[in-house]
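Each residue of the first sequence is one higher than the one before, starting from 43 at the first, in the working numbering.
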Amino acid sequence: MSLAVRSLLADAIADAFVALGLDRPPKVALERPASPEHGDWSSNVALVTAKAIGRNPRELGGELVGHLNANLPLHTKSVELAGPGFVNFRLAPSWLHEILDTVIDAGVKNYARVVSPGARRVNIEYVSANPTGPLHAGHARWAAYGDALSRVLSRAGYTVHREFYINDRGVQMQKFAASLLARKNGTVVPEGGYHGQYIIDWAAEMPGGLDTDGALEWGYAKALRYQQDTMRRMNVEFDTFSSERVIAARGDVEATLSELERSGCTYISATPETSSDRDQSQRKGVDPDADGTTPATWLRTTSFRDPKRNKPLDDTDRVIVKGDGQYTYFMPDIAYHRDKFTRGDLLINILGADHHGYVGRMKAAMMALGHAADDLEILIGQNCVLLRDGVEVKLSKRTGDIIELAELIDEVGADAAKLTFLLQSIDTRQSVDLNALVAKTLDNPVFYVHYAHARVYGIGRKAAERGIVRADRTDVDLSLLVHERELDVLRVLADLPGVVATAANDRAPHKITTWVRELAGAFQSMYHDCPILRDDVDADLRQSRLWLVEAARIGLAIGLGLLGVSAPERMDDLPVD
RNA sequence: GCCCUCGUAGCUCAGGGGAUAGAGCACCGCCCUCCGGAGGCGGUGGCGCAGGUUCGAAUCCUGCCGAGGGCACCA
43 MSLAVRSLLA DAIADAFVAL GLDRPPKVAL ERPASPEHGD WSSNVALVTA
93 KAIGRNPREL GGELVGHLNA NLPLHTKSVE LAGPGFVNFR LAPSWLHEIL
143 DTVIDAGVKN YARVVSPGAR RVNIEYVSAN PTGPLHAGHA RWAAYGDALS
193 RVLSRAGYTV HREFYINDRG VQMQKFAASL LARKNGTVVP EGGYHGQYII
243 DWAAEMPGGL DTDGALEWGY AKALRYQQDT MRRMNVEFDT FSSERVIAAR
293 GDVEATLSEL ERSGCTYISA TPETSSDRDQ SQRKGVDPDA DGTTPATWLR
343 TTSFRDPKRN KPLDDTDRVI VKGDGQYTYF MPDIAYHRDK FTRGDLLINI
393 LGADHHGYVG RMKAAMMALG HAADDLEILI GQNCVLLRDG VEVKLSKRTG
443 DIIELAELID EVGADAAKLT FLLQSIDTRQ SVDLNALVAK TLDNPVFYVH
493 YAHARVYGIG RKAAERGIVR ADRTDVDLSL LVHERELDVL RVLADLPGVV
543 ATAANDRAPH KITTWVRELA GAFQSMYHDC PILRDDVDAD LRQSRLWLVE
593 AARIGLAIGL GLLGVSAPER MDDLPVD
């Protein structure tokens, strides 16, 4: 596979340094140049190392090239010096035939299954909507992202546990129950209640005569079932649904609080500690009359530093037990994160940008519990803007203006919905035009990729019709594949292991989307220019092309699988022309 | 005021130290005696501004401008 070629060439360069009487370079980078004129593989090693050893980069590069040309590595046709000192390798197509062999040997199950250096047991929490209503279209981005990231990390050697947190206690639940009851009884929805149409619909469904607790339990069960059903219909999976109630009932909150207290990271005060308090290491006394506030228990979140930025993780300490003895929402959340560490050594949370302020304090809390700052990774995604007729649709359960995720899936299907949300980085705000997504589905990129995959099966069906059988690979001469379009497909396939590694490392599943679209494009071009089943195609060439098609199928299936998108064998609803 | 993310083609976005910045849509040309044209080939068109680091910056750093989101003893 490409990694094999890469390390083979890197070793050859390192050997060349030694042969020239120089120290072996600490690192030899090799990359696939953007322009084919720069060869198949390129190294900047001369540029990087020249200065340290007091040499001119072009001169050093020239010597390396000279040695490499006298001792050509496997597959290498020639080595050239270019630009400011790049060492460029021009390879024979045989390196791509080797890729083809590797892809077919490894298959969908094992090709591009890589082991990341940082791979470990990871717990990924995503979506985690409050059980007070349906999932809406705004949740879709996190569902698609969390699901795809889980798949990518898993292929990169992580052991993945997927999790959904249910906030089934607290005032939101009370408001939800009160809103249902108000609609049921025809009274006015209370201040701060939920106004969505779904409340009206659900209230009609709800049995009569329930008290607040009864309505709460009924509504909770309804919302949870509904959300879980929606996730299933989107093919988004979870291993665990964690209930705040269960965690609290187990006594985890108290246990966590006393652990924090024992750690010495808490203090009791009416106001947050100031730095001078700390310098004098004195406790601020109870100061009840300052402005009527009573003392609370604080977590010293400001005393932990972010090692990456070398800055404090938080700019003020945080209350965990209020003056009235009640926990803040933060406290049970800490207990939940503590619990998650039983199901992973690395925690990943996927949250919307509106939760950004929460990152530092939770990392600090985990450090107070003895974890490293890097053991909790909070991935903040920018929110998604939904447009209808070019106008932004505001989503709010409170005001009642929501677009249900279930409806979105009804209209466009799970695949189109997911791929749409996986087109771009979560660092960028995404605009999704619902009209375009729904009405112009033919423009949706999922169709292009699906079509490529279905076309592979189409070729298979056509071959069967014509009685053409693919021979054993050992009887097929893959070296007949020399057409640029054929080699392009193999070049893209060669990139996949690296793409998987980068996507995992950067937590960026959209890189898989970019790649799979590229493969689909290379395949379509190849299909157009390289006939396979036509009568005028040489029988041996046909056989090698059939194996190339199989490799493309494997790549498409892996890519789609990593995105959680289906890989159809035929396209059903062809337009009527 | 402070913190986070983003500013790349008319639009939606890739590219996130490397040599001539890519794709889709839109627009303009071609290509159906051919394996599914939901396709293929080509063209027009772009890194917000100013400094800095570097052999090399769309990419890293600083400032400014612009967009979005945060800064509770609410959840």
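Cβ coordinates follow ideal geometry from the N, Cα and C atoms, glycine included.
In this text, all values refer to a predicted model and were calculated from it rather than measured experimentally.
For Phe-280, there is no enclosing beta strand (DSSP E), as DSSP gives it neither H nor E. With a contact defined as Cβ atoms closer than 8 Å, Met-408 and His-379 qualify at about 6 Å. When C-alpha distances from Arg-508 are compared across Arg-515, Gly-500, Asp-514, the shortest belongs to Gly-500.
Considering only Phe-131, Gly-127, Lys-93, the residue with the shortest C-alpha distance to Leu-110 is Phe-131.
For Ser-84, the beta-bridge partners assigned by DSSP are Glu-73, Asn-130. Of the other Cβ atoms in all chains shown, 16 or more fall within 10 Å of the Cβ of Ala-52; this residue is therefore buried.
The beta carbon of Ala-377 sits closer than 7 Å to the beta carbons of Ile-289, Asp-294, Val-295, Thr-298 from its chain, once the five residues preceding and following it are set aside; these are given in chain order. Remark: C-beta atoms of Leu-266 and Trp-260 do not approach each other more closely than 9 Å.
Spatial neighbours of Lys-436 in its own chain (CB-CB distance under 7 Å, excluding positions within 5 residues in sequence) are listed in chain order as Asp-443. Counting along the chain, Gly-250 sits inside no beta strand (DSSP E), nor does DSSP assign it H or E at all. Along the segment 573-618, the alpha helix (DSSP H) occurs as fully enclosed runs of 4 or more residues at 581-605, listed in sequence order.
Excluding residues up to 5 positions away in sequence, Trp-244 lie with their Cβ nearer than 7 Å to the Cβ of Lys-264 in the same chain. Going by beta carbons, Pro-75 and Asp-65 fall outside the 9 Å limit. Excluding sequence positions up to five before and after Gly-127, its CB lies within less than 6 Å of the CB of Ala-88, Leu-89, Pro-99, Arg-100, Gly-103, all in the same chain and listed in chain order. Along the length of the segment 461-521, whole beta strand (DSSP E) runs at least 3 residues long occupy 472-475, reported in chain order. Counted as a single uninterrupted DSSP element, the beta strand (DSSP E) harbouring Glu-419 occupies residues 418-423. Three or more Cβ pairs closer than 8 Å define a contact, and the segment 170-186 falls short of that threshold against the segment 519-533.
Rounded to whole angstroms, the separation of the alpha carbons of Ser-311 and Ala-338 is 6 Å. Counted as a single uninterrupted DSSP element, the stretch harbouring Lys-119 is not any alpha helix (DSSP H) but the beta strand (DSSP E) occupying residues 118-124. Following the DSSP letters along the chain, one finds Gly-563 inside the alpha helix (DSSP H) bounded by residues 552-571. For Ser-311, the uninterrupted beta strand (DSSP E) run begins and ends at 308-311, by DSSP. Straight across, the Cα-Cα distance linking Ala-58 with Arg-48 is about 15 Å. Per DSSP, Ala-338 lies in no alpha helix (DSSP H); the unbroken beta strand (DSSP E) holding it starts and ends at 338-341.
About 6 Å separates the Cβ atoms of Val-591 and Val-498, confirming a contact at the 8 Å cut-off. Straight across, the Cα-Cα distance linking His-117 with Glu-286 is about 59 Å. Comparing C-alpha distances from Arg-347 to each of Asp-416, Ala-148, Leu-133 shows the shortest one belongs to Asp-416. The Cβ-Cβ distance between Leu-447 and His-237 does not fall below 9 Å. Looking only at Thr-282, Glu-247, Gly-199, the smallest Cα-Cα distance to Asn-152 is reached by Gly-199. Proximity of the segment 178-198 to the segment 218-225 falls short of the contact definition, fewer than three beta-carbon pairs being nearer than 8 Å. Under the DSSP assignment, Gly-394 falls in the beta strand (DSSP E) whose first and last residues are 388-394. Counting only the Cα atoms, Ala-458 lies some 21 Å from Phe-565. In the three-state scheme derived from DSSP, where H, G and I count as helix and E and B as strand, Ser-158 is classed as coil. If you check the CB distance, Ala-219 and Leu-258 come in under 9 Å. In the structure shown, Thr-384 falls within a helical segment according to DSSP collapsed to helix, strand and coil. Contact between Pro-176 and Tyr-268 holds: their C-beta atoms lie close to 5 Å from each other, under 8 Å. Going by beta carbons, Val-511 and Leu-604 fall outside the 9 Å limit.
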